[in-house]
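Each remark here refers to the structure printed beneath this line.
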Amino acid sequence: LKEKHKILHRLLQNSTSPVDL
Amino acid sequence: PESADLRALAKHLYESYLKYFPLTKAKARAILSGKTSGSAPFVIHDMKSLTEGEQFINCRQMPVMEQRSEFGHVQESASEVELRFFHRWQYRSAEAVREVTEFAKSIPGFVSLDLNDQVTLLKYGVIEVLIIMTASLMNKDGMLISYGQIFMTREFLKSLRKPFCEMMEPKFEFAIKFNMLELDDSDMALFLAVIILSGDRPGLLNVKPIEDLQETVLQTLELQLKMNHPDSLQLFAKVLQKMTDLRQLVNDHVHLIQLLKKTEVDMCLHPLLQEIMKDLY
């Protein structure tokens, strides 16, 4: 599931660094 | 003491809500009723005003309006403008998904859940949360977008070509009924957490801790509604009933997006929204 949802996974993991949407 | 814990949870979630969501219901209602000290929102009610106003969609601060007339001269087909507007809308939606994710992470216990389950809860919950939050920005005549800088009329959204015209009307119908419950931002914060912590989402690996977290938030919501709306009978039950309508709305929304992907050759869906909608229902 994590593999199919890489961006969502990244949003969940990164708390402070801005995520390039 | 138990009640004090629930009050503390309510306060914590309300503070997170204020921290992560830029336009609160209180602020949106003030703008919609013309009770703000700032300027009134720019109104998009036809293709011309869309062409003028679309430059500012997603802007937090509207630029000086003298520039507007320049954009009106650009001759484009309505279909191009509609598609571009949809793209901008999508980017704001992706940003809103990020805000909801940050809010979810602030729910005590959420980040301790299995990471796969966190992904599942967000995948299934995020569109429901966004529909609920959009209701705060709507009245029967239209909705605020771009952080409250723009008011887009319901009639204009209905006038777009198919299937764009079918996207927002069910959300307006839902919003009008939902807004009659008159929840405020502190109630909304708890309701959103309840939605996110739904233990019956497909594919969850470890349901028990999710249900335990949801139970605590549910108790908090029940207490909050009793204290905040003492005269509103059965409000807790009425709020929970809305969760059924929400699932149907999301189901219909995802099918419309799938239809769009088939009919609009130029449409490309934002990768984050693609992830969420793929195999959703």
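Going down the list, the sequences are from chains L and X. Heads up, the first sequence stops at 21 in my numbering, and the numbers go up one at a time, no gaps. Heads up, the second sequence stops at 281 in my numbering, and the numbers go up one at a time, no gaps. Cβ coordinates follow ideal geometry from the N, Cα and C atoms, glycine included.
Residue i (DSSP reduced to helix, strand or coil)
{"i": "THR153 (chain X)", "result": "strand"}
{"i": "LEU113 (chain X)", "result": "coil"}
{"i": "LEU197 (chain X)", "result": "coil"}
{"i": "GLY142 (chain X)", "result": "strand"}
{"i": "PHE103 (chain X)", "result": "helix"}
{"i": "ILE57 (chain X)", "result": "coil"}
{"i": "PHE178 (chain X)", "result": "helix"}
{"i": "PHE42 (chain X)", "result": "strand"}
{"i": "CYS165 (chain X)", "result": "helix"}
{"i": "GLU264 (chain X)", "result": "coil"}
{"i": "THR36 (chain X)", "result": "coil"}
{"i": "GLN67 (chain X)", "result": "Confidence in GLN67 (chain X) is poor, its pLDDT being 41 and thus under 50, which makes the residue's placement too unreliable to answer from."}
{"i": "ASN206 (chain X)", "result": "coil"}
{"i": "LEU274 (chain X)", "result": "The residue asked about is misnamed: residue 274 (chain X) is Gln in this sequence, not Leu. DSSP places GLN274 (chain X) in helix when its eight states are reduced to three."}
{"i": "LYS4 (chain L)", "result": "helix"}
{"i": "SER17 (chain L)", "result": "Residue placement at SER17 (chain L) is poorly supported in this model, since its pLDDT is 48, which falls under 50; the coordinates are not used for a value here."}
{"i": "THR24 (chain X)", "result": "coil"}
{"i": "LEU137 (chain X)", "result": "coil"}
{"i": "GLN219 (chain X)", "result": "helix"}
{"i": "TYR281 (chain X)", "result": "coil"}
{"i": "HIS87 (chain X)", "result": "helix"}
{"i": "GLU76 (chain X)", "result": "coil"}
Rounded C-alpha distance that separates residue i from residue j
{"i": "HIS12 (chain X)", "j": "LEU192 (chain X)", "result": "13 Å"}
{"i": "LEU1 (chain L)", "j": "GLN258 (chain X)", "result": "21 Å"}
{"i": "MET167 (chain X)", "j": "ASN206 (chain X)", "result": "34 Å"}
{"i": "LEU160 (chain X)", "j": "THR24 (chain X)", "result": "28 Å"}
{"i": "ASP231 (chain X)", "j": "SER186 (chain X)", "result": "17 Å"}
{"i": "ARG84 (chain X)", "j": "LEU12 (chain L)", "result": "29 Å"}
{"i": "LYS294 (chain X)", "j": "LEU246 (chain X)", "result": "Here chain X covers residues 1 to 281 and nothing more, so residue 294 (chain X) does not appear."}
{"i": "ILE196 (chain X)", "j": "ASP252 (chain X)", "result": "19 Å"}
{"i": "SER49 (chain X)", "j": "LEU144 (chain X)", "result": "15 Å"}
{"i": "HIS229 (chain X)", "j": "THR220 (chain X)", "result": "14 Å"}
{"i": "SER106 (chain X)", "j": "ASP117 (chain X)", "result": "16 Å"}
{"i": "ALA28 (chain X)", "j": "LYS261 (chain X)", "result": "32 Å"}
{"i": "ASN14 (chain L)", "j": "LEU8 (chain L)", "result": "10 Å"}
{"i": "LYS4 (chain L)", "j": "LEU272 (chain X)", "result": "11 Å"}
{"i": "LYS35 (chain X)", "j": "GLU264 (chain X)", "result": "40 Å"}
Buried versus exposed, by CB contacts within 10 Å (16 or more), residue i
{"i": "GLY125 (chain X)", "result": "buried"}
{"i": "SER146 (chain X)", "result": "buried"}
{"i": "GLU215 (chain X)", "result": "exposed"}
{"i": "ALA175 (chain X)", "result": "buried"}
{"i": "SER77 (chain X)", "result": "exposed"}
{"i": "MET138 (chain X)", "result": "buried"}
{"i": "LEU122 (chain X)", "result": "buried"}
{"i": "LYS171 (chain X)", "result": "buried"}
{"i": "LYS242 (chain X)", "result": "buried"}
{"i": "GLN233 (chain X)", "result": "The identity of residue 233 (chain X) in the sequence shown is Leu, whereas the question assumes Gln. Exposed: under 16 other Cβ atoms inside 10 Å."}
{"i": "GLU173 (chain X)", "result": "exposed"}
{"i": "THR120 (chain X)", "result": "buried"}
{"i": "GLU15 (chain X)", "result": "exposed"}
{"i": "GLU275 (chain X)", "result": "buried"}
{"i": "GLU182 (chain X)", "result": "exposed"}
{"i": "GLU169 (chain X)", "result": "exposed"}
Close Cβ partners of residue i (< 7 Å) along its chain, the five nearest in sequence each way excluded
{"i": "GLY292 (chain X)", "result": "Since the first residue shown for chain X is 1 and the last is 281, residue 292 (chain X) is missing from the structure and cannot be characterised."}
{"i": "SER37 (chain X)", "result": "none"}
{"i": "GLY199 (chain X)", "result": "VAL207, ILE210, GLU211 and GLN214"}
{"i": "CYS268 (chain X)", "result": "none"}
{"i": "GLU82 (chain X)", "result": "LEU160, ARG161 and PHE164"}
{"i": "VAL194 (chain X)", "result": "GLN214, VAL217, LEU218 and LEU221"}
{"i": "ASP46 (chain X)", "result": "PHE156"}
{"i": "LEU6 (chain X)", "result": "GLN219, THR220 and LEU223"}
{"i": "ASP114 (chain X)", "result": "LEU205 and ASN206"}
Neighbourhood of residue i by C-beta distance below 6 Å, restricted to the same chain and skipping five residues each side
{"i": "TYR20 (chain X)", "result": "GLU99, GLU102 and PHE103"}
{"i": "PHE110 (chain X)", "result": "ALA104"}
{"i": "CYS284 (chain X)", "result": "Because chain X here runs from 1 to 281, residue 284 (chain X) falls outside it and cannot be looked at."}
{"i": "ALA40 (chain X)", "result": "none"}
{"i": "HIS270 (chain X)", "result": "GLN90 and ALA94"}
{"i": "GLU222 (chain X)", "result": "PHE236"}
{"i": "LEU280 (chain X)", "result": "VAL254"}
Neighbourhood of residue i by C-beta, 8 Å cutoff - its chain only, sequence neighbours within 5 removed
{"i": "MET188 (chain X)", "result": "TYR17, LYS25, ILE132, MET133 and SER136"}
{"i": "PRO108 (chain X)", "result": "LEU9, HIS12 and LEU213"}
{"i": "SER79 (chain X)", "result": "ARG161"}
{"i": "SER3 (chain X)", "result": "LEU223"}
{"i": "LEU256 (chain X)", "result": "PRO163, GLU166 and MET167"}
{"i": "ALA96 (chain X)", "result": "LEU130 and MET133"}
{"i": "LEU204 (chain X)", "result": "ASP117, THR120, LEU121 and ILE210"}
{"i": "ALA30 (chain X)", "result": "THR36"}
Query raised in the report: Just by C-beta distance, which residues in the region 118-130 of chain X are closer than 9 Å to chain L?
Result: In summary, the residues of the region 118-130 of chain X whose CB is separated from some CB of chain L by less than 9 Å are GLN118, VAL119, THR120, LEU122, LYS123 and VAL126, in the order they occur in the chain.
Requested in this report: Identify each residue in the region 81-110 of chain X for which the Cβ-Cβ distance to at least one residue of chain L is less than 9 Å, and report them in chain order.
Outcome: TYR91, ALA94, GLU95, VAL97, ARG98, THR101, GLU102, ALA104 and LYS105
Query - Contact residues within the region 229-245 of chain X, judged by C-beta distance below 7 Å to chain L - result: none
Requested in this report: Determine which residues of the region 181-205 of chain X have a Cβ less than 8 Å from any Cβ of chain L, and write them out in chain order.
Outcome: GLY203
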